[in-house]
Structure formats: structure tokens, C-alpha cells
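J.:
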Amino acid sequence: MRLLEVRDMIGRLAGLLMGIVEAPINALEGFMGRKRMPYLFLAPNLLLFGIFTFLPIAIAAGYAFTGGTELFVSDRPFVGFDNFRQLLACEDYLRPGSCRESLFWTAIWNTLWFVAFNVTATLLAALVTALILNRAIAARGFFRAIFFYPVLLSPVVIGLIWKWFLDRNGLLNAFLQILGVPPEIFLLDVGWSRFFVVVVSVWFHMGFYTLILLAGLQAIPKDLYEAAAIDAASPRRTLLRITLPLLGPNLLVVLILLMIRSVQIFDEAWVLTNGGGPGTANSFIVQYIYQMAFGSDLRLFGLASAASVLMGLVLLVLTLIQLRLGRKMES
Amino acid sequence: MSHGFNPIGFLTRTRRPGRIEITDILSWLWLIAGTLAVLVPVVWAGLSSFKPAAEITRFPPTLLPRTAVETSVQGYEKPLSLWTVTIDGKTREMAMVRRIGLKAQMVDPQSPEAPVSVDVRAMSPVQKLTAATENYTDPLTRFDFLTFLKNSVFVTFVATLLTLIVNAMAAFALSKYRFRGKNAIFVLIISTLMIPLTVVMVPAYLVVVGVGLVDSLWGIIIPTVASPTAVFLLRQYMLTIPDELIEAARVDAASEFRIFWRIILPLTAPALAVLAIFSVLWRWNDFLWPLIVLSSRENFTLQVGLNAFQGEFSVQWHYILAMTFLSLLPVTAVFLFLQKYITTGIAGTGMK
Amino acid sequence: MGNLKLTNISKSFGALTVLHDINLSIDDGKFVVFVGPSGCGKSTLLRIIAGLEDITTGEIEISGRDVVHLSPAERKIAMVFQSYALYPHMSVRKNLAFGLENLRFKRDEIEVRINEAARMLAIEPYLDRKPRQLSGGQRQRVAIGRAIVRNPDIFLFDEPLSNLDAALRVQTRAEITKLHRDIKTTMIYVTHDQVEAMTMADQIVVLNSGRIEQVGTPLELFERPKNLFVAGFLGSPRMNMLKATVIGMHDDGMTLDMGYGTTWTTGIEPDTSMIGKAVLAGVRPAHFSVSEQDGLPFVVQYYESLGTETYVYGTLEGQSDQIIIHQAGHFSPAPGSRLKITPLPDRLHVFDPETGLAIPRKAKQRDEAHAFA
Ligand SMILES: Nc1ncnc2c1ncn2[C@@H]1O[C@H](COP(=O)(O)OP(=O)(O)OP(=O)(O)O)[C@@H](O)[C@H]1O
Ligand SMILES: [Mg+2]
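These protein sequences, in sequence, are chains A, B and C. Read in the numbering used here, the first sequence has 30 at position 30, and its numbers run on one by one without any break. Read in the numbering used here, the second sequence has 112 at position 112, and its numbers run on one by one without any break. Read in the numbering used here, the third sequence has 142 at position 142, and its numbers run on one by one without any break.
1. What does Leu288 of chain B touch in chain A if you count any residue whose Cβ is under 7 Å from its own?
2. Only counting the same chain, and skipping five residues up and downstream in sequence, which positions put a Cβ closer than 8 Å to that of Asp128 of chain C?
3. According to the Cβ coordinates, are Gly137 of chain C and Leu164 of chain C closer than 8 Å?
4. Using a C-beta cutoff of 8 Å, does Met9 of chain A count as contacting chain B?
5. Which ranges does the alpha helix (DSSP H) cover as unbroken runs of at least 4 residues, wholly within the region 80-133 of chain B, from first to last along the chain?
6. The alpha helix (DSSP H) spanning Trp203 of chain A covers which residue range?
7. Give me, in chain order, the residues of the same chain whose beta-carbon lies closer than 8 Å to that of Lys328 of chain A; leave out the 5 immediate sequence neighbours on both sides.
8. Could you name the residues whose beta carbon sits closer than 5 Å to any heavy atom belonging to ligand 1, keeping them in chain order?
9. Does chain A have any CB closer than 8 Å to the CB of Ala159 of chain B?
10. Count the other CB atoms, across all protein chains shown, that sit within 10 Å of the CB of Met9 of chain A; report buried if there are 16 or more and exposed otherwise.
11. Between Pro330 of chain B and chain A, is there a C-beta pair that is closer than 8 Å?
12. Could you name the residues of the same chain whose beta carbon sits closer than 8 Å to that of Ala307 of chain A, not counting the 5 residues immediately before and after it, in chain order?
13. Which two residues bound the contiguous beta strand (DSSP E) that contains Pro343 of chain C?
14. What's the C-alpha gap between Val35 of chain C and Gly64 of chain C?
15. If we count Cβ pairs, one from each stretch, closer than 8 Å, do we get three or more for the region 206-217 of chain B versus the region 47-59 of chain A?
16. So for Thr217 of chain C, helix, strand or coil by DSSP?
17. Run through the region 244-301 of chain C for me and flag every whole beta strand (DSSP E) of 3 or more residues, listed as ranges in chain order.
18. For Asn285 of chain B, decide whether its Cβ has a neighbour in chain A, counting only Cβ atoms nearer than 8 Å.
19. I'd like to know whether the C-beta atoms of Gly58 of chain C and Leu16 of chain C end up nearer to each other than 8 Å.
20. With a threshold of 16 other CB atoms inside 10 Å of the CB of Met32 of chain A, please say whether the residue is buried or exposed.
21. Looking at chain C, which residues of the region 50-67 of chain B have a Cβ within less than 7 Å of any of its Cβ atoms?
22. Our contact map puts Leu213 of chain A next to Leu127 of chain A with C-beta atoms below 8 Å; I'd like the distance itself, whole angstroms only.
23. Once DSSP output is grouped into helix, strand and coil, what is the label at Asp352 of chain C?
24. Helix, strand or coil for Gln319 of chain C? Go by DSSP, reduced to three states.
25. Check whether chain B comes within 8 Å of Ile77 of chain C, counting only Cβ atoms and requiring the distance to be less than that.
26. For Ser305 of chain A, is the classification buried or exposed, using 16 other Cβ atoms within 10 angstroms of its Cβ as the cut-off for buried?
27. Taking contact to mean 3 or more Cβ pairs, one atom from each stretch, closer than 8 Å, check whether the region 346-353 of chain C and the region 227-246 of chain C are in contact.
28. Report the option in B:Asn135, B:Tyr136, B:Lys128, B:Ser72 whose CA atom is closest to the CA atom of Asp108 of chain B.
29. At the level of alpha carbons, what is the spacing between Arg98 of chain B and Val69 of chain B?
30. Three-state secondary structure (DSSP) at Val18 of chain C?
31. So the alpha helix (DSSP H) Ala78 of chain C belongs to, where does it begin and stop?
32. Would you verify that the beta carbon of Arg250 of chain B is, or is not, closer than 8 Å to some beta carbon of chain C?
33. Could you tell me whether the Cβ atoms of Thr84 of chain B and Val120 of chain B are closer together than 8 Å?
34. Taking CB distances under 8 Å as the criterion, tell me whether Leu127 of chain A reaches chain B.
35. Contact defined as beta carbons within less than 8 Å: I believe Ser262 of chain A pairs with Val156 of chain A. What is the distance between those atoms, to the nearest angstrom?
36. According to the Cβ coordinates, are His349 of chain C and Pro225 of chain C closer than 8 Å?
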């Protein structure tokens, strides 16, 4: 009974509040006419969109072609393609040290390697998990939930949890000690730290892709499997000839999505590796942009924007492929 | 249901009843290994967050949070730590007075008159289970974590509320009215789905500075309120509400805003709930944008604060882990209660 | 006061014109049914009256007021929708109250009106249920209740019975008719079911392809359809159309040559200019008399006996157009057998096949007593 009273009270309060909001809006309706009300409903959204989404997109290019350290585009000198030239000036692209912006090229190569390993590992792990969960296995809901749980965590939290797990005094070293392996400070080793950035990323995002693939698997009509069983197809043939081909479009979408997101790796790697360490072993492209623009007092907005534009082009290509695939899948 | 639930049959359910294949075993191994991989780091961090400062860096670590047992011994001002000591093949509990190199001076707590010297390799500390709650209370009282927490709650709550209202209004207009420019506006909004923040973060920062919201909580709330994903999701849902309901309400003399408030919003509740959950998770976990916009400590959200804190107190793992765990708790609670909602929501919308 | 006047109403959706120059006036307290085939514009016309749809040209007056620029709420109308459109998240009581609250009625007044409507419609036991907890018939009554509490000048119904099963439909039909007798408010009712139209209406408006074909009482439409469309649309089974030629005129009307050496004399207005013209003679199934000797030769294909009445299906000898005749009582002609059929003379309709218009009958020949055979 108490609860009902409380609910009633909240309801009445909301009603009262709404009454206050409603009166002026209704007056406006009387003034503008019903026909124009949709514009009023759209107004707050479009206003915010305009200011915080479209305006930045519109001036993004403006930044890339200007120099100096001023914040406002109007105060900045026009430098043409100088920023791009600076980013792209390089004797040998394979050796970042030979480039004028060696940090940029280090970040690019780091990102490329990360994308390659991360996409492969995540896709494989998600596919295997989805295939297993798609079988009539006990406690499927439980496992699905467990694998999905990390997706909801914050990158900072994940970075810290793993940092502690991999600490000199952490659990992993304790295990290794039991096996007789000497302790290792994983995150200060170039190879290990890169390895674990990928591990953490897979750990973090795998559940999301598993879920998408699982939905795709469950959309495959059951009678196909029954027909295959009647045709005496072996499980392996069923997998290769029925499941994977039919899952193909979903796999492609997941692949592109994974690429788009992997290129933008930043948060969890930043926390895990203390800002890209050791040295620049885990410095990625978004980190480069962040550091150029905000990381120091230099405020190299022009250079950062030029790098953003280059990354944006890559993402645009990937997105267009994704849209293309989406349309193909629908038809 | 004609037959009851059979737990054994359920647990041993396999691809083909009555036959366990190698793939079944491999599947189970994979699932169990995966479950451990997910849970172990989290649980380990959780357990560690209750360890006292002195214990947390002990190596090899204990699994559960423990602390040394201390007793007060007559003749000594401070309480002394208790140790299990083996002398002449006999094991007894003694209190340690001081330690010099490999030798320790110990006394029997019952007869503290005669200290004996003991080899440290022949002794081990007496411990008991503990929960170092000061790991949680200290940061909240002595450091700024309460402020961070308040900021995060404020941002999450206000941003979610605004997101729901502003986008629901737009979705209402785009799903239930015929007006000039409708399709153009919809396409315009949806097309921004493709542009990630990382690409426009510099100019977005400029705009936030321009409108005077830099280093303010509103600077991370307002720019993220209008969301193409939300508009799209809500519009799709509202399209399923019959137009006749709206016409009935018009005949019933309801103003357009009243139709929105009294008819559309309540009927969109399921979609709004999904959106609210995602919005809460997103706001609570968001890192890069607050990191860029916020610069003074009193405005930090929990995530930014945690990041700053770990940079400053990199050895104080007991505090860091406690705060990490604190920030993980609401998300875990949301997950436990709304797991079904979230997973079906994601599978249905591809949203994250 | 609840009369309605529509003047030169047209309505287009983009390039598609769905209503052409509609003129109609409805007196206060009448029960008017709009009837016509699917897609003819009935709903559109009703929604225009309600104010839910703009008009392209024309004028609308309700109770003498020009309402073209008024919102639905200001027009003092209430509407019952085909899907009922009950607010699914509100209880029945809230559903009924919503409109009154919007109009800022006092709480007690709202209470009084709800109770009165609930009593009238026998929905008192359900007032605190949600719509999904009601049966189709109960929902239907709530939808009507929501209209009643508003105490409107005009009630508008858009196919309100089409979601009910046959038995419930008959019952609800009677209830709506009774409701109209009780409250005597103008009601406009859209249906494509001619039985509903014939049984409920004071006045029927037959629509076809966005035009009004004819307006009149059910009897007028049945007895004197203005054209082939109305003749074919009302009456079930539909009117039989026989080819004929006008061969002569005399004081009582025109004489038709029906072929097979048979001539029929009709009570149709004589018009000598028509002699020699091919026409269509319309006879409703019930208006044939069957004999063994005189009449047109009719070959039986099969029959459907309902016990108290029988429909016989067949063709005229040597022709392929199906003809249906209705006989009272049980009647079982053998398939393939031959009957002679003759129409009741004053039940014959004659149409000009070129214009589709009926050729008017002589005024004196009216005997409405046995209109429905
Ligand atoms: N919003 C619209 N846009 C375009 N054309 C429409 C619209 N609404 C109705 N129409 C068209 O107008 C014509 C009349 O529609 P209306 O709904 O009035 O028919 P109806 O007589 O009520 O039919 P039914 O008996 O099937 O309900 C139809 O051809 C329909 O396709
Ligand atoms: Mg209709």
C-alpha cells in the first residue's frame, strides 16, 4: 500500500511538473498551429546536432589546413597542405625513424599490427564461441552472459584490472612461480606488452561480436540442418558447406565493424600501458592525435586534425564497404 | 510440459543424445577456460581490493585478503605481530619484538620476560581473514573520490534523461507526422552514425570551448545528448504504434505535446528502457571525451579521476583497486538484473 | 444541434484524387450510413468530417458553423475507430476520462459522465481493467463509451463492427441502433457491409470511386436505384441483369422483347425515342415467379436450400450469364431441369447500358408494403 502511495505521489508530482511545461508549449501550439509542431519537436535535437555534430564536421577540414597554436579557426594562419606534407614526409615509410613525424609513423605501424592481430584473434574467438553456444548445450544463457559481461565494463576499469593481474606481484606471476618460471614485468617488455594489449582487447570486445554472430547463426533455418542430416553430411561438412557460407555475410559485417573499431583503439590501451609505453611500443593513432592536440602545451591542432582527416578517410572507406555489404545482405 | 525437469539430462545434454563426442569435450573445455579467463582477473581485482596496504604487494600473494594478527604484550607499548615459530622441533606462537637481518627477537606472549632469538626462516606469520574497508573509505573521504562519484552520477543521470526526452521528441516527429523536409532530416541525422568521435574530436573541442562549456560537466552532457542511434531506435519502435491512437487522442482534444507525453511516451517504454540502460552504461564508462573536456580535478568523472589517480599514486594499488571495484559495481548490478534485456537489445539493434 | 453540410468537397493525395466534388447535407438526429466498395473513399470522407484530414477544396459546416479550420476537438464530434484505438496503457476509466480531462472538465462531472456511459453500455464491471483484458465486444463498447462521454454533436463510426464475429456483429448492430434511438444524436457510420447499411440507416449514401452515386432511405435505394452500380451493390444476392430490347410504348409503360418469343410489359415511363434500343432489365432474385408454362426458359444448374428459402442458380437457355432466383420454402429442382420464369411486373428495373442510368418508373406505381420479399 505504501508503495502505491509513493507511486501515486510521484505520478502527481510528474503531472504537476508537466503541467508547468505543458502550458507554454500548448500556447506555442495555438500560435504556430498543429502542422508546425513536428518542427518544434525536432528543434532541440537538430539544434544540438547542428552545434555539436555538424559544426565540428564542417570545421574539421578548416583545422587541417591551418597552422599555429590558436584555438579558433579564424585566428589561425592558412598553411595549405603543410600539415599533410609534414605528416607524410618520409624517406622510408617502413622505418618510422626516418620520417619527419616519426611518432605518427610509429603510431601507424603499431596500429596496423594491432588491427591485424586483434581482428584475427577476436574474429576467431567470437566465431568459435558462437558456434559452440549455438549448439544445444546446457547453460547456454549463462555462458553467453559470462562472455558478454566485459563488454559492459569501462575501458579504464579493464585497463586497471589487467594491469593488476599482470603486475610484478600479480596473479599471473604467482601462477608462473608455481610452474617455476621467473617473474616478469610484462608491461615493461615491448613484446609482452603488445601481446597483452591484444589479449585485453579480445577479452573486452569478444562477447559483443559473439552475440552478433550467434544471432546470425540462429537465423539459419533449422530445416537446412535436418536436410543435411538426412543427406548424411558429416558435422565438418555441415559446418563448411552450410553454416559458414550462410553465416558469411554476418562474418563480413563483423570483420568490417571490428576493423573500424580496432583502428580507433585508445582507452584501454592508454590505461593499461601508461600512455603507450614502454617507450612508444603501444602508441596508436588516436593517441597520437590526442597527444598532439591535448597531451602537451604545444596544442598542435593543425597536425592533429590532419592526422584525423587521414584516419577519417580510412574509416570512411571501411564504412562504405560496410554499407555496401549491408545493402547486399538485405537483397 | 509432459515430463519434469531432469537435471542430469540437462547438464549432459550433447549434440546427439547418448553419445559424447570429442567436439563436446572440446566445447566444454573452451567454455570453461573462457569463463575462467573472464572471471579470474575481475575476481582477483575484487579480492585484492580488500587487502590491507601492507599485504597487497606480498609475493607470492595470498588469494583471500588476510592480515597479520597482533597482540598486546605486557611490557611493550605497541601491539606485536604473532608468528608461528619452530624451536627445537616444537611449534609455538610467539610475538616478534624486532628483526635484525636473518634473526628475529621473539617473546612468548604469556611469559614476556625472556626474549629469544629465532631464525626468520623457521617462522611464518599468523594471519586472519580481513576486509580492509579503509581502502574504500579513505579515497572517498581523504581524496576526491566522492566528488568524482557525484560527478559521474550527475552526468549519467542528467545525460540519460535528456537523451531520452530530446531523442524521443525527434523520433516522434519523424515517425508520426508528414511534413516538408522530413526525409532529408532523417537521412541527415542517420548519416552522422558513421562519424566517430575520434575523427572530429579537435573541432568538437573547439565548439565546446566556443560555447563556454569547457571544463564543465555540462560540456560532456550536452554534446552527447542528440544521438542518431537513439533517434533511429525510437523511431523504428514508434512506427509500430498505430496512427489511429494518435487520431483518437486528437479527437479527444489532446494537444500535440499531450499526445507525445501521455500516449507516445508510455507506449514507447520498452524501447526507452533499452535506450536508458545503454545510455547509463555509456555515460558511466565514457573516458576519452571527458578526458579532453575536463581539466580541473573537482570536475573529474570517476573514470577520468581513476586514471589520474593511478598516475599519481601508482604504488597505492589497494586504493586504486578499491575505486576500480567501486566503479565496476553499478555496471555489474545493471548486468545481473538486466542481462536478458541487454543481450537481446544488442542482438536486435547491433548497438553498443 | 448536429446537422452537417458538405459543399463541393474534393480531396487529393498528391496527384491522386480520391474524392470528387462531394455535396451532402445531413439533418440533425439522423443515422446516416456511408457505404461503398473498398477504397472508394468512405474513410477519407469521414476523416475529413472529423478534421483528421485536410480538404483540397470545399466547405464543411457542422451545426451551422464553418469548421474547415477547426481542429477535431473543436468540431464537437466524437469518433469510433475500426481498431477501436483504445489507449492500451490506460484503464477503461482513464480511456473514457482522457478526452474530458483534456477539455478541463471538473472531476465530479467526469465521474458522472463516465458512470452514466458505463451504465448505458453495461461496461461498469470493466472500468478498472486495461483494454487488453477485454474481449473484442467489450472493447468495442468502451470505444463507443469514449465517444458518448464527450456528448458530441455528431458521432462518427468507421467500420466499428468489422473486427467482431458474426453473432456479435448482429447483436452490436442492434445495440448501436438502440443507442441512436435513445440519445438521438446525429450519427455517421461507415461500412462496406450492405446489411448493416440497410438495417441501421435512416439515410444511406452510396459512394463509388470518390463520388456519391445516390443518397436516400434504404427503401428508396432498394426500390429505385438510380443506376447500375447502386442496383448491383445493394441487395444480396445481387440483381439479375437480362438483355432486352424496347419494342413498344403504351399508357402503362414500355414493352420489352426478352427473346425466346417473350415480351414483358413494365411500369416504366414511356419514351417513344427509345423504341428499338437495347436495354438491361433488372430483376432481383426474389422478384421472379416460377411456373411450368409461361416465361423465359431457365436451365437449373444447382440450388442452395436453407430450409425456409431456396436459391436456384442457372442460366437462360443457350446463354452463359448466371441468373439467381429466390423461392420461399424448400424447393428442389433437379439440375438440368427447365423452369419458366417471369418477373413481378412492378418490380422490374430498366437501365440504359450506355449511361448506366435507370429509366425512371412511373410515379403512381409505389407500394412499399411488400418491398422486402
Ligand atoms: N494517406 C494516404 N495517402 C495516399 N492515398 C491514400 C491515403 N489514404 C487513403 N488513400 C487512398 O484513398 C483512397 C480511399 O481510401 P479510403 O481509406 O477512404 O477507402 P475506404 O472506402 O475507407 O476503403 P475500406 O473500405 O477498404 O476501408 C484509396 O485509394 C487509398 O489508397
Ligand atoms: Mg476505410
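Glycine is no exception: its CB is placed at the ideal position from the N, C-alpha and C atoms. Every value quoted in this text rests on a predicted model; they were computed, and no experiment measured them.
T.: For this structure:
1. In the second sequence, counting from the first residue as 1, residue 288 of chain B sits at position 288. By Cβ distance, chain A contributes Phe266, Asp267.
2. Along the third sequence, read from residue 1 onward, the residue named residue 128 of chain C stands at position 128. Ser91, Val92, Arg93.
3. Against the third sequence, residue 137 of chain C aligns to sequence position 137. Against the third sequence, residue 164 of chain C aligns to sequence position 164. Less than 8 Å divides the Cβ of Gly137 of chain C from the Cβ of Leu164 of chain C.
4. Counted from its first residue, the first sequence places residue 9 of chain A at position 9. Not an interface residue.
5. none
6. Here residue 203 of chain A is taken as the residue at index 203 of the first sequence, counted from 1. That run of the alpha helix (DSSP H) goes 190-218.
7. Position 328 of the first sequence, counted from the start, is the residue given in the question as residue 328 of chain A. For Lys328 of chain A, where only same-chain residues beyond five positions count, the Cβ hits under 8 Å are Pro249.
8. C:Phe13, C:Val18, C:Ser38, C:Gly39, C:Cys40, C:Gly41, C:Lys42, C:Ser43, C:Thr44, C:His192
9. In the second sequence, the residue the question calls residue 159 of chain B occupies position 159. No, its Cβ sits nowhere closer than 8 Å to a Cβ of chain A.
10. As a position in the first sequence, residue 9 of chain A is number 9, starting the count at 1. With fewer than 16 other Cβ atoms within 10 Å, it is exposed.
11. By one-based count along the second sequence, residue 330 of chain B stands at place 330. Not an interface residue.
12. Along the first sequence, read from residue 1 onward, the residue named residue 307 of chain A stands at position 307. Around Ala307 of chain A: Leu87, Phe104, Ile285, Tyr288, Ile289, Met292.
13. Stepping through the third sequence from its first residue, residue 343 of chain C is reached at position 343. From DSSP, the beta strand (DSSP E) with Pro343 of chain C extends over 338-343.
14. Mapped onto the third sequence, residue 35 of chain C falls at position 35. Mapped onto the third sequence, residue 64 of chain C falls at position 64. Each residue's Cα considered, the two are about 25 Å apart.
15. yes
16. Position 217 of the third sequence, counted from the first residue, corresponds to residue 217 of chain C. DSSP places Thr217 of chain C in coil when its eight states are reduced to three.
17. 253-259, 262-265, 278-283, 288-291
18. Here residue 285 of chain B refers to the residue found at position 285 of the second sequence. Chain A contact via Cβ: present.
19. The residue labelled residue 58 of chain C in the question sits at position 58 within the third sequence. The residue labelled residue 16 of chain C in the question sits at position 16 within the third sequence. No, these two residues do not count as a Cβ contact at 8 Å.
20. Taking the first sequence and counting its residues from 1, the one referred to as residue 32 of chain A is at position 32. When all chains shown are included, Met32 of chain A counts as exposed.
21. Listed in sequence order: no entries.
22. Taking the first sequence and counting its residues from 1, one reaches residue 213 of chain A at position 213. Taking the first sequence and counting its residues from 1, one reaches residue 127 of chain A at position 127. Leu213 of chain A to Leu127 of chain A, Cβ: 6 Å. Contact.
23. Indexing the third sequence from 1 puts residue 352 of chain C at position 352. If DSSP states are grouped into helix, strand and coil, Asp352 of chain C belongs with coil.
24. Residue numbering aside, residue 319 of chain C sits at position 319 when the third sequence is read from its first letter. The answer is coil: DSSP assigns Gln319 of chain C none of H, G, I, E or B.
25. Counting from one through the third sequence, the residue named residue 77 of chain C turns up at place 77. Yes - at least one Cβ of chain B is within 8 Å of the one on Ile77 of chain C.
26. As a position in the first sequence, residue 305 of chain A is number 305, starting the count at 1. With 16 or more neighbouring CB atoms inside 10 Å of its own CB, Ser305 of chain A falls in the buried class.
27. Note that the region 346-353 of chain C touches the region 227-246 of chain C; at least 3 beta-carbon pairs, one per stretch, sit closer than 8 Å.
28. Residue numbering aside, residue 108 of chain B sits at position 108 when the second sequence is read from its first letter. Asp108 of chain B has its Cα closest to that of B:Ser72, out of B:Asn135, B:Tyr136, B:Lys128, B:Ser72.
29. Within the second sequence, the letter at position 98 stands for residue 98 of chain B. Within the second sequence, the letter at position 69 stands for residue 69 of chain B. CA-to-CA, the gap between Arg98 of chain B and Val69 of chain B works out to about 16 Å.
30. As a first step, residue 18 of chain C is located in the third sequence; it is residue number 18 there, counting from the start. Val18 of chain C: strand per DSSP, three-state reduction.
31. Looking up residue 78 of chain C in the third sequence gives position 78. Run containing Ala78 of chain C: none in the alpha helix (DSSP H); it sits in the beta strand (DSSP E), 77-80.
32. For the purposes of this step, residue 250 of chain B is identified with residue 250 of the second sequence, where counting begins at 1. Yes - at least one Cβ of chain C is within 8 Å of the one on Arg250 of chain B.
33. For this step, residue 84 of chain B is matched to residue 84 along the second sequence. For this step, residue 120 of chain B is matched to residue 120 along the second sequence. Going by C-beta atoms, Thr84 of chain B is not nearer than 8 Å to Val120 of chain B.
34. Counted from its first residue, the first sequence places residue 127 of chain A at position 127. Judged by the 8 Å Cβ criterion, Leu127 of chain A is not in contact with chain B.
35. Translated into positions along the first sequence, residue 262 of chain A becomes position 262. Translated into positions along the first sequence, residue 156 of chain A becomes position 156. Wrong, their Cβ atoms sit about 19 Å apart, outside the cutoff.
36. As a working mapping, residue 349 of chain C is identified with position 349 in the third sequence. As a working mapping, residue 225 of chain C is identified with position 225 in the third sequence. A contact, by the Cβ cut-off of 8 Å.
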